[in-house]
Amino acid sequence: MVAIAPETILPKLLLSAPAKLNLFLSILGPRDDGFHDLESLVIGVNLCDTLTASRTDDGQITIRCNRRELESPDNLVVRSAQRLQDAYAVSSGVAFHLEKSIPVGGGMGGGSSDAAAALRLCNELWSLGLSDVELRRHGASLGSDVPLFFALPGAVITGRGDVVQPAPLSWTGWVLLVSTPTPVSTPAVYRAWSQTPETTPAARWRDALLGAASAELIMEQSFNDLEHAVFEVAPQVRQVVDTLQTGHVGTFRVSGAGSTLFRLFDDEETARHTAGIIEDEFSNLTTKVVTAPVGVSPIRTQE
Ligand code: C5P
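When you read off a place in the sequence shown, starting at 1, and then add 634, the result is the number in our numbering.
Shown next as structure tokens:
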């Protein structure tokens with residue numbers, strides 16, 4: 635009889651980590667702790683990283699990734715596991731595999747979503763029995779955007795982004811994402827905002843949000859107070875927005891502090907048609923059409 639190595643019978647858990655978009659983002663002002671107060675409506679979109687995790691007995695936390703430069707102890711996935719291991723004196727370790735699809739530095743919260751997924755996976759693997767509220771609290775200490783990934787498909791976030799209230803949107807549809815090949819640094823964007831602050835009252839979108847909104851209505855009313863700061867830090871992103879405008883493919887918004895542009899559609903056909911025009915006319919741009927809003931899926935076991 636062939637002996638089965640213990641690691642082959644340990645379950646491997648798998649979780650999809652969705653990206654987010656900020657449909658509206660008001661920056662209210664700087665805080666004493668170096669962060670900025672904000673108010674934003676975020677939705678989950680069906681562009682997901684995939685994180686798998688297996689428990690190990692050696693106490694080590696390791697990560698493999700399809701993007702080798704992210705195989706680092708600084709990766710939020712590793713830091714999330716470390717946080718729980720330290721807080722609850724866990725003697726087991728974990729081996730992660732991360733398959734990245736969400737652009738890095740694209741303003742879609744990929745790293746934060748991976749961190750939220752890592753917290754949930756470790757909670758399960760190590761049988762910690764922590765509630766989402768407790769996991770969210772650990773998440774907030776790892777990054778401002780981590781807690782929102784416990785409240786999707788839609789959430790209003792306040793404070794530095796860490797105060798989260800679920801906000802189910804009545805709209806469902808498709809999102810056309812346009813990736814520019816320019817990762818943007820979040821601290822640099824907030825610094826640029828501080829030099830020429832712009833605050834759009836959040837009240838402007840609060841009412842509109844509650845009604846049965848169409849994609850067009852949301853696009854008309856959407857805004858991002860960080861947009862000018864993103865353009866300042868990464869002028870290439872402004873160029874792409876201008877180019878799309880002159881290409882008559884409609885208005886695109888920047889998500890969060892990043893470089894990914896988005897436009898909402900009520901029907902898939904128009905979204906895909908527009909993506910086709912962009913890909914044909916602008917060979918340096920990558921497009922993706924995804925559904926939204928999406929929530930977080932349950933943890934699955936991989937054989
Ligand atoms: O919380 P997170 O690590 O994602 O923040 C990265 C940086 O972005 C912070 O150090 C801060 O410079 C800036 N930031 C901010 N206000 C926020 C969120 C982030 O100034 N609400």
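Beta carbons: idealized from backbone N, C-alpha and C, even for Gly. Given the structure is predicted, the values throughout are model-derived calculations rather than measurements.
Sequence-distant residues of the same chain with beta carbon closer than 7 Å to residue i, five excluded per side
i	result
Trp839	Phe658, Leu675 and Gln855
Glu915	Gly881
Arg754	Leu649, Leu769 and Ile933
Val711	Leu685, Ile697, Phe730, Leu732, Asp748, Ala749 and Ala752
Ala868	Thr816, Val818 and Ser893
Arg872	Phe865
Pro664	His670 and Ser828
Gln870	Thr814 and Thr816
Of the residues the options, the one placed nearest residue i, counting alpha carbons only
i	options	result
Ile677	Phe730, Ser725, Trp808 and Gly739	Trp808
Trp956	Glu861, Arg717, Arg872 and Phe916	In the structure displayed, the chain extends from 635 to 937; residue 956 sits before or after that span and is not available.
Ala952	Arg770, Arg794, Ser828 and Ser917	Absent from the structure is residue 952, since the part of the chain shown begins at 635 and ends at 937.
Ile736	Val797, Pro787, Val679 and Ser706	Val679
Thr935	Val888, Val738, Glu758 and Val874	Glu758
Leu662	Arg794, Ala751, Thr904 and Arg887	Arg794
Thr833	Pro800, Asp796 and His670	His670
Lys734	Gly744, Pro802 and Val728	Gly744
Gly741	Arg771, Leu655, Ala651 and Pro664	Leu655
Gly788	Pro927, Pro645 and Lys646	Pro927
Asn709	Val724, Val738 and Gln799	Val738
Ser725	Asp691, Pro821 and Thr820	Asp691
Ala653	Ala687, Gly890, Tyr824 and Asp796	Gly890
Pro821	Leu647, Gly668 and Val924	Gly668
Val876	Ile912, Pro800 and Leu764	Note on residue identity: the sequence assigns Asp, not Val, to residue 876. Ranking the options by Cα distance to Asp876, first place goes to Ile912.
Glu903	Arg887, Phe886, Val923 and Leu860	Val923
Lys646	Leu681, Ser688 and Glu705	Ser688
Tyr722	Val728, Leu764 and Ser706	Leu764
Glu850	Arg713, Asp796, Ser706 and Arg887	Arg887
Asp720	Cys756, Leu704 and Asp683	Cys756
Opposing strand residues paired with residue i [DSSP bridges]
i	result
Val818	Note: Val818 sits in no beta bridge, so no partner.
Val676	Asn656 and Ala789
Leu732	Leu685 and Cys699
Gln799	Val790
Gln936	Lys646
Trp808	Phe899 and Thr925
Ser813	Thr920
Arg887	Phe896
Ala651	Asp683
Contacting residues, own chain, Cβ-Cβ under 8 Å from residue i (five flanking each side not counted)
i	result
Thr908	Leu810, Val883, Gly884, Arg897 and Phe899
Val852	For the sequence presented, residue 852 should be read as Ile rather than Val. Excluding sequence neighbours, Ile852 sits near Leu657, Trp805, Ala842 and Leu898.
Ser848	Trp805 and Asp900
Leu919	Val812, Ser813, Thr814, Val874, Ile912 and Glu913
Nonlocal neighbours in the same chain, by C-beta distance under 6 Å from residue i, ignoring five residues either side
i	result
Glu673	Ser660, Thr792 and Ala836
Arg702	none
Ala950	Given a span of 635 to 937 for the chain in the structure shown, any question on residue 950 remains unanswerable.
Val823	Leu860, Ala863, Val864, Val867 and Ala891
For the segment 892 to 911 against the segment 809 to 816, are there 3 or more C-beta pairs whose distance is under 8 Å? yes
For the segment 775 to 786 against the segment 687 to 698, do three or more pairs of beta-carbon atoms, one drawn from each stretch, fall closer than 8 Å, so that the two count as touching? no
Along the chain, which unbroken stretches of the alpha helix (DSSP H) at least 4 residues long are found entirely within the segment 659 to 730? 710 to 721
4-residue-minimum alpha helix (DSSP H) runs that sit fully inside the segment 839 to 878, ordered along the chain: Counting whole runs of 4 or more residues, the segment 839 to 878 contains the alpha helix (DSSP H) stretches 849 to 855 and 861 to 867.
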